[in-house]
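For reference, the structure is listed below as structure tokens.
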Amino acid sequence: MEEAYDSAIILSNEKETSSEKNFVNHAEIAWQEMRKSWVGDPSKRTSELPMEPVISFNATYEEMLLNNHTPFHKSIPLAEMVDFLVDYWHGDCLFD
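Mapping to the working numbering: the sequence shown position 72 is 71, numbers consecutive.
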């Protein structure tokens with residue numbers, strides 16, 4: 000009787016182990032696919048030299064945003080625009 004009980008426990012443990020091995024996290028797979036669409040496939044990236052900044056080092060806030068109603072001649076990368084604004088805000092003590 001005890002042997003039958005032990006074998007039942009072993010079979011139960013084997014089922015749990017096999018179901019753990021077969022677990023597929025569909026949410027993670029979907030997230031990875033969505034992330035790949037955002038950042039691109041790293042295996043297809045080429046090593047690019049850093050771009051020249053679009054914003055001149057002596058550009059002012061007024062030149063960039065207030066007085067100029069024409070589109071920029073070239074797209075400004077987000078990181079570059081953020082750096083520009085943070086530098087401006089630091090200069091005017093608007094950002095800690």
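Glycine included, every Cβ here is placed at the ideal spot set by N, Cα and C.
Do the stretch 28 to 47 and the stretch 67 to 77 make contact, defined as three or more Cβ pairs closer than 8 Å?
Here the stretch 28 to 47 does not lie against the stretch 67 to 77, with fewer than 3 beta-carbon pairs under 8 Å apart.
Residue span of the alpha helix (DSSP H) that contains Val85, given as start and end:
Taking the first residue of the sequence shown as 1, we reach residue 85 at position 86. From DSSP, the alpha helix (DSSP H) with Val85 extends over Leu77 to Gly90.
How is Pro41 classed by DSSP in three states: helix, strand or coil?
Within the sequence shown, the letter at position 42 stands for residue 41. In this structure, Pro41 counts as helix in the three-state DSSP scheme.
Among the candidates Leu65, Glu62 and Phe56, whose CA atom is the shortest distance from the CA of Asp82?
Taking the first residue of the sequence shown as 1, we reach residue 82 at position 83. Ranking the options by Cα distance to Asp82, first place goes to Phe56.
Can you give me the Cβ contacts of Tyr60 inside the same chain, cut-off strictly under 6 Å, excluding the 5 residues immediately before and after it?
For the purposes of this step, residue 60 is taken as the residue at position 61 of the sequence shown. These residues qualify, in order along the chain: Tyr87.
Contacting residues, own chain, Cβ-Cβ under 8 Å from Ile54 (five flanking each side not counted):
Taking the sequence shown and counting its residues from 1, one reaches residue 54 at position 55. Closer than 8 Å at Cβ, skipping near neighbours: Met63, Ile75, Glu79, Met80 and Phe83.
Can you tell me the Cα-Cα spacing of His96 and Glu51, whole angstroms?
Look at the range of the chain in this structure, 0 to 95, and you will see that residue 96 is not part of it.
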